[in-house]
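Going left to right, the sequence shown walks through residues 5 to 270 as my numbering numbers them. Beta carbons are placed, not taken as given, at the ideal position from N, Cα and C, and that holds for glycine. Bear in mind that the values here come from a model prediction, so they are computed numbers and not experimental data. Structure first, then comments.
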Amino acid sequence: MKRKLNFELIVGLSLIGFVSLIAIISLFYTPYDPNAMDIANKLKPPSTVHLLGTDQFGRDVLSRMMVGSQVVLLVGFSTVLISLIIGGLLGILAGFYGGIVDTLIMKLIEIKMAFPGTLLALMLIAIWGPSVSMIILALSIMNMPRFTRVVRSGYLQYKNATFVEAAQVLGLSNTRIMLIHILPNLSSSIYVTAALAFASAILSEAGLSYLGLGLQPPLASWGKMLNEAQPYMIQSPFLAIIPGIMITLIVLGFNLLADGLRKNRV
5 MKRKLNFELI VGLSLIGFVS LIAIISLFYT PYDPNAMDIA NKLKPPSTVH
55 LLGTDQFGRD VLSRMMVGSQ VVLLVGFSTV LISLIIGGLL GILAGFYGGI
105 VDTLIMKLIE IKMAFPGTLL ALMLIAIWGP SVSMIILALS IMNMPRFTRV
155 VRSGYLQYKN ATFVEAAQVL GLSNTRIMLI HILPNLSSSI YVTAALAFAS
205 AILSEAGLSY LGLGLQPPLA SWGKMLNEAQ PYMIQSPFLA IIPGIMITLI
255 VLGFNLLADG LRKNRV
């Protein structure tokens, strides 16, 4: 039977690819220095000189939007990677060994989940100061529980399976059984969770930057661009529309990717 076209997966990957391409290009080229001020040309509308206009300091919006895509992907990728490694390891131990190990790990996860994620991020950033590394740490702590619970449920499902019992009879180590024999069976669930975590991290970073707790001026961030555009919404609405569209595209891309991956799994 002919396989149905996975619309969500295609569109999601296309949107992510578009933003990723912008980020890669910005590593080597931007139309202008994203931090260079030109007060004489501030708040200029989109034109052939500045394709997306200029902000209140005369900085090129297109250049800042391009550089901001680097922050989005760096924060999202780093957050997902750290959350997956630490949260996944805790889930493996809890699901495979069970008993007191499972109880202790899940109690820790429940304690963490008792604190609102954004409030925890605000507390950490308030203590150690706003920076990219602190944002990544805070968002990683926020997203760890989702990986722990997904991986734990998978190991509870497979740890008594026939192929695991056969591996134990052959004398294989628990580490090999956990990582080589069971973990690959959870790949689809982990991919879906990672895509959703990526979208969540991007929204959280944009929110923190909007509140002034993300990247500090003059560095470019889509959330910070939204914050700076707020006083000029009527005079220069494009200043808010452009970063808003970019945030929407990348978050929509990862949500569609998660839906597409989930559909493939069914």
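key: Between the CA atoms of Gly257 and Leu17 - distance to the nearest angstrom   = Against the sequence shown, residue 17 aligns to sequence position 13. Against the sequence shown, residue 257 aligns to sequence position 253. Distance between the alpha carbons of Leu17 and Gly257 is about 7 Å.
Inside the segment 103-129 only - alpha helix (DSSP H) runs reaching at least 4 residues = 103-117, all fully within the segment 103-129.
inquiry  = Is the beta carbon of Thr83 closer than 9 Å to that of Asn147?
reply    = As a working note, residue 147 is residue 143 in the sequence shown. As a working note, residue 83 is residue 79 in the sequence shown. In contact: Asn147 and Thr83 (Cβ atoms closer than 9 Å).
ask   = Using CA coordinates, which residue listed in His54, Leu13, Arg68 is at the minimum distance from Ile29?
value = The residue labelled residue 29 in the question sits at position 25 within the sequence shown. Considering only alpha carbons, the answer is Arg68.
request  = Just confirm the distance between the C-beta atoms of Leu261 and Ala199, as a whole number of angstroms; I'd bet it's less than 8 Å.
outcome  = Within the sequence shown, numbered from 1, the residue matching residue 261 stands at position 257. Within the sequence shown, numbered from 1, the residue matching residue 199 stands at position 195. With a contact defined as Cβ atoms closer than 8 Å, Leu261 and Ala199 qualify at about 5 Å.
request  = Can you check DSSP and say which residues form a bridge with Thr58?
outcome  = On the sequence shown, position 54 is the one that residue 58 refers to. Answer is Asp64, bridged to Thr58.
query = When the distance is taken between beta carbons, is Ser193 closer than 9 Å to Val168?
reply = For the purposes of this step, residue 168 is taken as the residue at position 164 of the sequence shown. For the purposes of this step, residue 193 is taken as the residue at position 189 of the sequence shown. Contact flag unset, no.
task = Take Ile245 as the anchor and find which of Phe22, Ser73, Trp226 has the nearest alpha-carbon.
result = As a first step, residue 245 must be located in the sequence shown, where it is residue number 241. Closest by alpha carbon: Trp226.
ask   = If we ignore side chains and look at the alpha-carbon of each, how far apart do Thr58 and Phe11 end up?
value = Your numbering for residue 58 matches position 54 in the sequence shown. Your numbering for residue 11 matches position 7 in the sequence shown. Approximately 36 Å, taken between the alpha carbons.
task = Could you tell me which uninterrupted alpha helix (DSSP H) segments, each at least 4 residues in length, are contained entirely in the segment 205-263, listed from first to last along the chain?
result = Listed in chain order, the complete alpha helix (DSSP H) runs (minimum 4 residues) inside the segment 205-263 are 226-233.
request  = Can you tell me which of the three DSSP states Lys163 falls into?
outcome  = Here the question's residue 163 lines up with position 159 in the sequence shown. Coil.
inquiry  = So Glu209 and Ile139 are supposed to be a Cβ contact under 8 Å. How far apart are they, rounded?
reply    = As a first step, residue 209 must be located in the sequence shown, where it is residue number 205. As a first step, residue 139 must be located in the sequence shown, where it is residue number 135. Contact holds; Cβ gap of about 6 Å.
Nearest-angstrom Cα separation, counted from Ala98 out to Thr107 = Within the sequence shown, the letter at position 103 stands for residue 107. Within the sequence shown, the letter at position 94 stands for residue 98. Going from the Cα of Thr107 to the Cα of Ala98 covers about 8 Å.
message = Among the candidates Ile26, Ala44, Pro50, whose CA atom is the shortest distance from the CA of Pro241?
response = On the sequence shown, residue 241 is found 237 positions in, with the first residue counted as 1. The candidate whose alpha carbon is nearest that of Pro241 is Pro50.
message = Quick check: the Cα distance between Lys46 and Ser144, rounded to an integer number of angstroms?
response = Along the sequence shown, one-based indexing puts residue 46 at 42. Along the sequence shown, one-based indexing puts residue 144 at 140. Cα to Cα, the separation comes out at about 38 Å.
query = How about Gly92: is its Cβ closer than 8 Å to a heavy atom in the ligand GDP?
reply = Questions concerning the ligand GDP fall outside what the structure shown contains, since it holds no ligand whatsoever.
message = Within 10 Å of its beta-carbon, does Tyr33 have 16 or more other beta-carbons around it, so buried, or fewer, so exposed?
response = Here residue 33 corresponds to residue number 29 of the sequence shown, with the count starting at 1. Its Cβ having fewer than 16 others within 10 Å, Tyr33 is exposed.
query = Under three-state DSSP, which class holds Ala40?
reply = Walking along the sequence shown from the start, residue 40 turns up at place 36. Ala40 carries a coil assignment under DSSP once its states are collapsed to helix, strand and coil.
message = For a test of the three-state rule: what should DSSP assign to Gly92, helix, strand or coil?
response = Indexing the sequence shown from 1 puts residue 92 at position 88. Helix, per DSSP.
message = Nearest by alpha-carbon distance to Leu66: which of Ala171, Met229, Leu123, Arg180 is it?
response = Locating residue 66 in the sequence shown gives position 62, where the first residue counts as 1. When only C-alpha atoms are compared, the closest one is Met229.
key: Burial state of Pro221 (16 or more Cβ within 10 Å)   = Taking the first residue of the sequence shown as 1, we reach residue 221 at position 217. Classification for Pro221: exposed.
query = Can you name the start and end residues of the alpha helix (DSSP H) that Gly16 belongs to?
reply = Position 12 of the sequence shown, counted from the first residue, corresponds to residue 16. In the DSSP assignment, Gly16 falls within the alpha helix (DSSP H) that extends over 11-32.
ask   = Alpha carbon to alpha carbon, how far is Gln239 from Gln161?
value = As a first step, residue 239 must be located in the sequence shown, where it is residue number 235. As a first step, residue 161 must be located in the sequence shown, where it is residue number 157. Between the C-alpha atoms of Gln239 and Gln161 there is a straight-line separation of about 58 Å.
query = Can you tell me whether DSSP reads Val155 as helix, strand or coil?
reply = Numbered from 1 along the sequence shown, position 151 holds the residue referred to as residue 155. If DSSP states are grouped into helix, strand and coil, Val155 belongs with the helices.
task = Could you check if Pro120 is buried or exposed, using at least 16 other CB atoms within 10 Å of its CB as the buried criterion?
result = For the purposes of this step, residue 120 is taken as residue 116 along the sequence shown, with counting starting at 1. When all chains shown are included, Pro120 counts as exposed.
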